[in-house]
Amino acid sequence: MNIWELIVAFLLGLVEGLTEFAPVSSTGHMIIVDDMLLHSKELFSEPVANTFKVVIQLGSILAVLLVFKDRFMNLLGLSRKVPVEAAPPEQAEPGTIPSASSLTPNHRLKLTHVLVGLIPAGVLGFLFEDYIDEYLFSVRTVIFGLIIGALLMIAADKLRPKTTTDTVDGMTYKQALGMGLFQCVGLWPGFSRSGSTISGGVLLGMGHRAASDFTFIMAVPVMLGASTLSMIKNWEYFTVDALPFFIVGFISAFIFALISIRFFLKLINRIKLIPFAIYRIILAILIYALYL
Numbered sequence: 009m010n011i012w013e014l015i016v017a018f019l020l021g022l023v024e025g026l027t028e029f030a031p032v033s034s035t036g037h038m039i040i041v042d043d044m045l046l047h048s049k050e051l052f053s054e055p056v057a058n059t060f061k062v063v064i065q066l067g068s069i070l071a072v073l074l075v076f077k078d079r080f081m082n083l084l085g086l087s088r089k090v091p092v093e094a095a096p097p098e099q100a101e102p103g104t105i106p107s108a109s110s111l112t113p114n115h116r117l118k119l120t121h122v123l124v125g126l127i128p129a130g131v132l133g134f135l136f137e138d139y140i141d142e143y144l145f146s147v148r149t150v151i152f153g154l155i156i157g158a159l160l161m162i163a164a165d166k167l168r169p170k171t172t173t174d175t176v177d178g179m180t181y182k183q184a185l186g187m188g189l190f191q192c193v194g195l196w197p198g199f200s201r202s203g204s205t206i207s208g209g210v211l212l213g214m215g216h217r218a219a220s221d222f223t224f225i226m227a228v229p230v231m232l233g234a235s236t237l238s239m240i241k242n243w244e245y246f247t248v249d250a251l252p253f254f255i256v257g258f259i260s261a262f263i264f265a266l267i268s269i270r271f272f273l274k275l276i277n278r279i280k281l282i283p284f285a286i287y288r289i290i291l292a293i294l295i296y297a298l299y300l
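The sequence shown begins at 9 in the working numbering and counts up by one.
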């Protein structure tokens with residue numbers, strides 16, 4: 009393990025952390041940074057490089073769990089803190105749940121909301137995982153996902169109805185299911201799970217921050233389940249030689265995901281989705297120019 013390999017691990021963790029939960033497609037960025045510039049599959053065997061990407065994704069998941077720790081404790085019944093709906097979402101600390109509340113148990117986010125949102129993508133992902141991995145992970149399909157996903161985000165901002173749900177605690181089961189259906193679109197590489205799901209929430213009458221909160225909360229079990237299965241399948245590649253590479257990437261992804269998530273949640277209500285959509289179109293053009 010030389011210093012360059014550790015630098016590559018740090019840089020890939022940085023890219024993963026900054027882009028995994030932003031609506032910009034982490035896959036598209038990995039194409040540019042890894043496939044075009046760093047070439048991790050040439051430094052290591054392809055299975056080790058692919059296993060590394062699972063490890064750094066776990067770093068990003070840990071960051072979400074930390075940001076929303078009070079929320080997850082509440083959902084699992086491990087905390088008696090009750091969410092407050094009255095505080096403006098742009099003033100609230102991301103993921104926190106104040107202890108004082110005027111809400112009844114019927115007016116806050118429940119675990120059943122999350123489960124309802126998980127059903128569509130969970131079923132579709134289970135049925136078509138192998139097909140997606142084999143046929144949809146190409147440069148052309150990612151470019152398509154980046155552009156169409158950007159158009160969806162622009163449409164969400166331009167066509168959104170009057171906001172009826174300012175915080176995640178006010179969302180309905182219909183909105184949870186609708187966002188779950190939009191999350192299915194994010195299974196297409198390049199679309200971005202967060203981009204498609206947040207867009208869906210906005211089109212269903214949710215505020216941008218509320219839709220973002222639910223998107224991040226809903227992403228954890230999906231990503232954690234997929235990452236756990238991948239780790240079990242690739243356990244043999246967790247060798248002593250590869251361990252420093254994995255550790256550096258994991259820590260890098262965790263730190264930069266933590267920064268990215270907190271910054272994004274404070275910013276999204278002000279700038280909306282269109283700036284991210286424009287960035288995605290520029291990224292798609294760049295990938296096309298460099299790769300095709």
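All C-beta atoms, glycine included, are put in the ideal place defined by N, C-alpha and C. Keep in mind it's a predicted model, so treat the numbers as computed, not measured.
- Here Thr175 carries a coil assignment [DSSP, helix/strand/coil].
- By alpha-carbon distance to Ala218, the top candidate from Met231, Gln183, Thr236 and Gly194 is Gln183.
- For Trp12, the enclosing alpha helix (DSSP H) stretches over residues Ile11 to Thr27.
- Taking the CA atoms as reference points, Lys61 sits about 32 Å from Met214.
- For Met239, the uninterrupted alpha helix (DSSP H) segment begins and ends at His216 to Lys241.
- Put simply, the backbone Cα of Glu13 is about 21 Å away from that of Thr27.
- Counting of Cβ neighbours within 10 angstroms places Ser53 among the exposed residues, the total staying below 16.
- Using a Cβ distance threshold of 8 Å, Ile64 and Gly257 count as a contacting pair.
- With respect to the 8 Å criterion, Ile162 and Ile282 are classified as neighbours on the basis of their beta carbons.
- Ile269 is classed as buried because its beta carbon has at least 16 other beta carbons within 10 Å across all chains shown.
- Check the Cα spacing between Leu167 and each of Ser207, Cys192 and Ala292: the tightest is with Ser207.
- The region 128–145 and the region 250–267 do not touch, with fewer than three beta-carbon pairs separated by less than 8 Å.
- If the five residues before and after Ile140 are omitted, its C-beta is found closer than 7 Å to the C-beta atoms of Leu195, all from its own chain and listed in chain order.
- Under the three-state reduction of DSSP output, Leu251 falls in the helix class.
- In this chain, Pro31 is not harboured by any alpha helix (DSSP H), its DSSP state being neither H nor E.
- Beyond the five residues adjoining it in sequence on each side, Asp42 comes within less than 7 Å, by CB distance, of Leu20 and Ser48 in the same chain, given in chain order.
- Around the beta-carbon of Ser146, fewer than 16 other beta-carbon atoms lie within 10 Å, marking it exposed.
- The residue among Ile276, Ile290, Ser34 and Leu22 with its C-alpha nearest the C-alpha of Asp165 is Ile276.
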